[in-house]
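Residue numbering for the sequence shown follows our numbering, starting at 2 and increasing by one per position.
Every residue gets a Cβ at the ideal spot worked out from N, C-alpha and C, and that includes glycine.
Treat the numbers as computed from the prediction; the structure is a model and nothing was measured.
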Amino acid sequence: MRTIPYILIATRFILAPIIFLLAYFKGEDFGFLILVLMYFGLLTDIFDGIIARKVGVSSEKLRRLDSQTDLIFWLSLGFAAYFINPELIKSEWKGILLILVMEALCYVVSIWKFGKETCTHAFLSKMWGLSLLIAFTYLIGFQQAGWAFYLTVGLGFIAHIDVILIILLLPKWQYDVPSSYHAWKIRNGKQRKKSIFFN
Numbered sequence: 002m003r004t005i006p007y008i009l010i011a012t013r014f015i016l017a018p019i020i021f022l023l024a025y026f027k028g029e030d031f032g033f034l035i036l037v038l039m040y041f042g043l044l045t046d047i048f049d050g051i052i053a054r055k056v057g058v059s060s061e062k063l064r065r066l067d068s069q070t071d072l073i074f075w076l077s078l079g080f081a082a083y084f085i086n087p088e089l090i091k092s093e094w095k096g097i098l099l100i101l102v103m104e105a106l107c108y109v110v111s112i113w114k115f116g117k118e119t120c121t122h123a124f125l126s127k128m129w130g131l132s133l134l135i136a137f138t139y140l141i142g143f144q145q146a147g148w149a150f151y152l153t154v155g156l157g158f159i160a161h162i163d164v165i166l167i168i169l170l171l172p173k174w175q176y177d178v179p180s181s182y183h184a185w186k187i188r189n190g191k192q193r194k195k196s197i198f199f200n
């Protein structure tokens, strides 16, 4: 049982190149399969944290591994959406660039302040992850952007601002911080780290 969270993370990591290659070589012919793999990957992301807490293996190493695997997984879906419908993705380049810049900024700020990447698993970031699921369902499954894409861009911008505030407020690096409000409480000594584990 203690190895299951690592197996789930590894599964999601392996899914990334599979999704990439399916989209690159087969395109929209395998769009449905790519969506199935995406939803399966999301399930592994949900249950790795739940199981890790249940069996007592939730640690900095596991959470950092989870975060970096998430980044690779979602990037593979971004490339898949481009391979399937490049003109659609090119037409929405401003929103995509905004999110990529914000993601990079989170890493830059965290590495600058703490010497390691961010690993907050914040609540707004989780909500943004769900919006990504919907947006990619539209982009890959229906080859449309629409409201789902714009919701993802807006929520993604807000979620990244929250992560940057968390980084700036925390007195020292730590993982699993639900929001910038919680980071402010930690900074002022009003909340202990162990009380904020939520995934």
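Quiz prompt | Identity of the residue in W113, G147, I112 nearest L89 by Cα | solution = Selected option, being the one with the closest Cα: G147.
Exercise. Could you tell me whether the segment 166-175 touches the segment 111-130, using the rule of 3 or more Cβ pairs below 8 Å?
Key: In this structure the segment 166-175 lies against the segment 111-130, because at least three pairs of beta carbons, one per stretch, are closer than 8 Å.
Practice problem: Determine the DSSP secondary structure at G116, reduced to helix, strand or coil. | Solution: It is coil, neither helix nor strand.
Quiz item: Do the CB positions of G96 and V154 come within less than 9 Å of each other?
Solution: Contact flag set, yes.
Quiz item: By how many angstroms is the C-alpha of S68 removed from the C-alpha of L166?
Solution: Cα-Cα distance, rounded: 18 Å.
Quiz item: Given a threshold of 16 other Cβ atoms within 10 Å of its Cβ, counted over all protein chains shown, does W129 qualify as buried or as exposed?
Solution: Around the beta carbon of W129, a 10 Å sphere encloses 16 or more other beta carbons of the protein chains shown; the residue is thus reported as buried.
Exercise. Could you tell me the boundaries of the alpha helix (DSSP H) in which F158 lies?
Key: Start and end: 147-170.
Self-check item: Terminal residues of the alpha helix (DSSP H) in which W129 lies
Solution: For W129, the uninterrupted alpha helix (DSSP H) segment begins and ends at 124-137.
Quiz item: Do R3 and V56 have their CB atoms nearer than 9 Å?
Solution: Yes, the Cβ-Cβ distance between R3 and V56 is below 9 Å.
Practice problem: Can you tell me which of I5, Q145, N189 puts its alpha carbon nearest to the alpha carbon of F63? | Solution: Note that residue 63 corresponds to Leu in the displayed sequence, not to Phe. When each option's Cα is compared against that of L63, the closest is I5.
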